[in-house]
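Student: My structure is below; once you've seen it, I'll send some questions.
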Amino acid sequence: AKRPPVLQIKGLTSHYGRIQALHGIDLQVGEGQLVALVGANGAGKTTLLRSISGVQPASGGSILLYEADITRMTPDKRVRAGICQVPEGRQVFGPMSIEDNLRLGAFTRPQSDVADDMEKMYTLFPILKEKRLLPAGTLSGGQQQMLAMARALMGRPKLLLLDEPSMGLAPLLVQEIFRIIVNLKSHGITILLVEQNAHAALSIADIGYVIETGTITLSGPGPALLNNEQVKSAYLGM
Ligand code: ATP
Numbered sequence: 008a009k010r011p012p013v014l015q016i017k018g019l020t021s022h023y024g025r026i027q028a029l030h031g032i033d034l035q036v037g038e039g040q041l042v043a044l045v046g047a048n049g050a051g052k053t054t055l056l057r058s059i060s061g062v063q064p065a066s067g068g069s070i071l072l073y074e075a076d077i078t079r080m081t082p083d084k085r086v087r088a089g090i091c092q093v094p095e096g097r098q099v100f101g102p103m104s105i106e107d108n109l110r111l112g113a114f115t116r117p118q119s120d121v122a123d124d125m126e127k128m129y130t131l132f133p134i135l136k137e138k139r140l141l142p143a144g145t146l147s148g149g150q151q152q153m154l155a156m157a158r159a160l161m162g163r164p165k166l167l168l169l170d171e172p173s174m175g176l177a178p179l180l181v182q183e184i185f186r187i188i189v190n191l192k193s194h195g196i197t198i199l200l201v202e203q204n205a206h207a208a209l210s211i212a213d214i215g216y217v218i219e220t221g222t223i224t225l226s227g228p229g230p231a232l233l234n235n236e237q238v239k240s241a242y243l244g245m
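Mapped onto UniProt numbering, the consecutive letters of the sequence shown carry residue numbers 8 to 245.
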């Protein structure tokens with residue numbers, strides 16, 4: 008039998024007071040898929056991510072995780088249900104060691120799994136192993152992004168939400184971060200990637216969605232969207 012989608016969003020609306028930020032969003036993420044959501048500043052990407060993690064209430068529509076309705080579930084329950092977000096701007100705990108940051112990411116996990124999972128993270132991100140006893144604040148921006156991802160993965164998420172992971176990084180590091188995202192996908196991690204860097208995100212995405220003023224205006228296989236004339240002129244500067 009076909010597995011149900013990990014995430015299914017149907018007709019989702021969201022308001023800030025009287026201002027409507029999302030106008031009936033439909034979006035799906037299948038198991039093991041890498042789905043990219045791209046759009047300009049203020050299009051509603053962050054609002055949609057916040058709605059999925061539960062910190063922004065839905066005013067209408069529904070959000071399903073493996074067909075279970077989580078639309079009204081509190082954010083902490085969603086984390087326990089398997090939705091982990093890597094926030095924009097990383098937000099690692101600077102004074103704490105890298106290892107302690109990782110340990111925090113495992114707070115929902117049985118403690119017996121933590122050592123094993125930490126070793127897995129050190130295999131995926133060798134630089135974190137090298138620096139594991141140093142304060143996280145001493146890492147470069149790109150390394151902090153890696154730590155933020157590793158910390159989220161310590162919760163063994165069913166769905167990993169990445170909010171603008173390339174933001175503020177130099178081009179070489181952006182490439183590195185995108186290589187890591189592809190590597191995570193190859194390990195079977197299901198990912199929803201939100202990016203302003205439409206070219207990089209669509210290049211690696213199984214499925215892409217374009218959001219404009221709170222509405223999905225286009226969707227399809229990532230490479231097909233890259234070749235779409237509308238996307239080229241609006242987001243790729245061609
Ligand atoms: P960015 O890339 O800048 O983060 P975005 O695509 O994530 O942009 P959102 O931050 O989700 O866009 O914003 C969507 C819309 O909702 C915008 O019109 C924005 O002005 C509005 N908005 C966002 N946060 C608030 C808020 N706290 N109060 C009122 N309006 C808000």
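Even for Gly, the Cβ is constructed at its ideal location relative to N, Cα and C.
Would you say the beta carbon of G229 is closer than 7 angstroms to some non-hydrogen atom of ligand 1?
Tutor: no
Student: Inspect the CB distances between the region 215 to 222 and the region 43 to 51 and report whether three or more fall short of 8 angstroms.
Tutor: yes
Student: Which partner residues does P82 have in the DSSP bridge list?
Tutor: According to DSSP, which records beta bridges pairwise, P82 is partnered with nothing at all.
Student: Counting only runs of 3+ residues fully inside the region 117 to 201, write out the beta strand (DSSP E) ranges in chain order.
Tutor: 166 to 170
Student: Could you tell me which of R87, N204, V36, I105 sits nearest to P178, measuring between CA atoms?
Tutor: N204
Student: Hey, L34 and I16 are a contact pair by Cβ (cut 8 angstroms); roughly how many whole angstroms apart?
Tutor: 4 angstroms
Student: Cα separation between H22 and D123?
Tutor: 42 angstroms
Student: Below 7 angstroms CB to CB, which residues in the same chain sit around residue 258 once its five sequence neighbours on both sides are set aside?
Tutor: Summary: the structure shown does not reach residue 258, with the chain confined to residues 8 through 245, and so no result is reported for it.
Student: Using DSSP with H/G/I as helix, E/B as strand and the rest coil, what is E219?
Tutor: DSSP, read as helix, strand or coil, puts E219 in strand.
Student: Where does S66 fall in DSSP's three states?
Tutor: coil
Student: In the DSSP output, which residue or residues are listed as bridge partners for P228?
Tutor: I214
Student: Consider the Cβ of K192: report whether some Cβ of chain B lies at a distance smaller than 8 angstroms.
Tutor: Among the chains of the structure shown, chain B does not appear; only one protein chain is present.
Student: What do you get for F114, buried or exposed, if any count of 16 or more other CB atoms within 10 angstroms of its CB means buried?
Tutor: exposed
Student: Return the first residue and the last residue of the alpha helix (DSSP H) that residue 253 is part of.
Tutor: Limits of the chain in this structure are 8 at one end and 245 at the other, which puts residue 253 out of reach.
Student: Just grab the DSSP bridge partners of V93 for me.
Tutor: L169
Student: To the nearest angstrom, how far is it from the Cα of P102 to the Cα of P133?
Tutor: 21 angstroms
Student: Could you give the distance in angstroms between the alpha-carbon of I90 and the alpha-carbon of A47?
Tutor: Distance between the alpha carbons of I90 and A47: 25 angstroms.
Student: Would DSSP call A205 helix, strand or coil?
Tutor: helix
Student: Starting from S21, trace the beta strand (DSSP E) in both directions and tell me its first and last residue.
Tutor: 14 to 23
Student: Near D76, what residues of its chain come up, given a Cβ to Cβ distance below 8 angstroms and the 5 sequence neighbours on each side ignored?
Tutor: S69, I70
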